[in-house]
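Below is one structure, written out as structure tokens, with a few remarks after it.
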């Protein structure tokens, strides 16, 4: 793995270039890791992946815990790892134990031996040695070490314990590592800035290829987050990439980029798609003026539209005028509304194509703003535009409130 920072804004926001062996083209950062189920996007089949912007769509994130049931580790290894199993030879795979959709951390069941997760096959305690065995069989390009993630409301003692365990498990993962993939050291610390900084300082001492910032999206408020992010990124070396889980909303992505984070997960897209929503916010950050009669809680909040609504039953326009994704070029709101109402999975396929395409465009516009030295203006303009058109103040927006 090769990573180089290419441009800095007048804050900590930065663009970079990530080169990983099998991907023929370098990937620009900040970038979006497409969330997957067992290595593939939830609703996009391999033959449709080329319809997404390249090489931005070559970054795929998966949880090794998805493979606790299915082909044996020996079988996956003998095939040649996940890339050969799925036939995606030019894709880049990033492995993270936590999956915000199917594999959620369960801090009350974690102990000194391993981290506990709620999975589709029940609650599972994963020890570092088992985790590295999963990684070794799948051979991802990037993988994050096992972490003891805790929510914001745990006690100071439990939070300190999570940091100690995470650092200890990182040492075990490094000693057991035989994959050749780039290991990203996990950084936790809950809502305690000192513990987050302590964890970051310990991880920096280890021989890692990058950093995975965990413990976000677990109860902290959007106002608390910038200080917590800065406490971590202030002590990380600039030449290594930073990856994060738990930030999905556009405002949260911008917060992470402002702190100097390079790679983000995309569970937000899955939740939107499953709910029948399509992203429509302007990529330049300027909210369009629309008549108030077009806006209600069930149809649109000027970030997304609800295509299940009867308003779109006879709407023959594309999801978003000017969008050149496969769904917008070939289908209408009325057709997708029909597919949703008759419970055809093609609805989710078309929505995920559009939402992924649109979010990748969002990241592209952010990179352009950073290169032009205008990220802070872009960030401010985007947040102000959202605040003006949402019933709730921007500071109080939560992930759950926006995907209902």
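Residue numbers (the working numbering): 2 to 405.
Idealized CB from N, CA, C, for every residue including glycine.
The beta carbon of residue 267 is closer than 6 Å to those of 33, 35, 36 in its chain, skipping five residues each way along the sequence. 7 Å or more divides the Cβ of residue 96 from the Cβ of residue 31. Under the three-state reduction of DSSP output, residue 30 falls in the strand class. 352 is the residue among 373, 352, 366, 364 whose C-alpha sits nearest the C-alpha of residue 43. For residue 339, the closest of 326, 307, 67 by C-alpha to C-alpha distance is 307. Scanning 122, 145, 356 for the CA closest to the CA of residue 212 turns up 145. Taking a C-beta distance under 7 Å as the contact criterion, residue 216 and residue 191 qualify as a contact pair. Secondary structure of residue 51 (DSSP, three-state): helix. For residue 117, the pairing in a beta bridge is given by DSSP as 126. Taken in chain order, the stretch 329-392 contains no complete beta strand (DSSP E) segment of 3 residues or longer.
For residue 331 and residue 345, the gap between their C-alpha atoms comes out near 17 Å. In the structure shown, residue 177 adopts helical secondary structure according to DSSP, grouped into three states. Distance from the Cα of residue 58 is smallest, within the candidate group 139, 227, 47, 184, for 47. Per DSSP, residue 132 has no beta-bridge partner at all. Annotation for residue 243: the continuous beta strand (DSSP E) segment containing it runs 243-245.
When rounded, the separation of the alpha-carbon atoms in residue 128 and residue 359 is 38 Å. Taken atom to atom, the span from the alpha-carbon of residue 178 to that of residue 335 is near 52 Å.
In terms of Cβ geometry, residue 327 and residue 52 form a close pair [threshold 7 Å].
Looking at the DSSP output, residue 19 shares a beta bridge with 4, 28. Under DSSP, residue 211 takes part in a beta bridge, and its partners are 185. As a beta-bridge residue in DSSP terms, residue 305 pairs with 280. Rounded to the nearest angstrom, the Cβ distance from residue 25 to residue 91 is 6 Å, consistent with a contact under 8 Å. Under the three-state reduction of DSSP output, residue 326 falls in the coil class, being neither helix nor strand. By the neighbour-count definition (other C-beta atoms within 10 Å, threshold 16), residue 378 is an exposed residue. At a Cβ-Cβ threshold of 7 Å, residue 371 and residue 27 do not count as neighbours. The continuous beta strand (DSSP E) containing residue 93 extends over residues 93-96. One Cα belongs to residue 277, the other to residue 348, and the distance between them is close to 8 Å. Per DSSP, the continuous alpha helix (DSSP H) segment holding residue 198 begins and ends at 194-205.
Between the stretch 96-107 and the stretch 58-70 there are three or more inter-stretch CB-CB distances shorter than 8 Å, so the stretches are counted as touching.
Rounded to the nearest whole angstrom, the C-alpha separation of residue 16 and residue 314 is 42 Å.
Assignment of residue 84 by DSSP, reduced to helix, strand and coil, places it in the helix class. It is roughly 16 Å from the alpha-carbon of residue 233 to the alpha-carbon of residue 210.
Just so you know, the alpha carbons of residue 21 and residue 240 end up roughly 16 Å apart.
Under a 10 Å Cβ-count criterion, residue 154 is classified as exposed, with fewer than 16 other Cβ atoms of the shown protein chains found around its own Cβ.
In the structure shown, the three-state DSSP call for residue 141 is coil.
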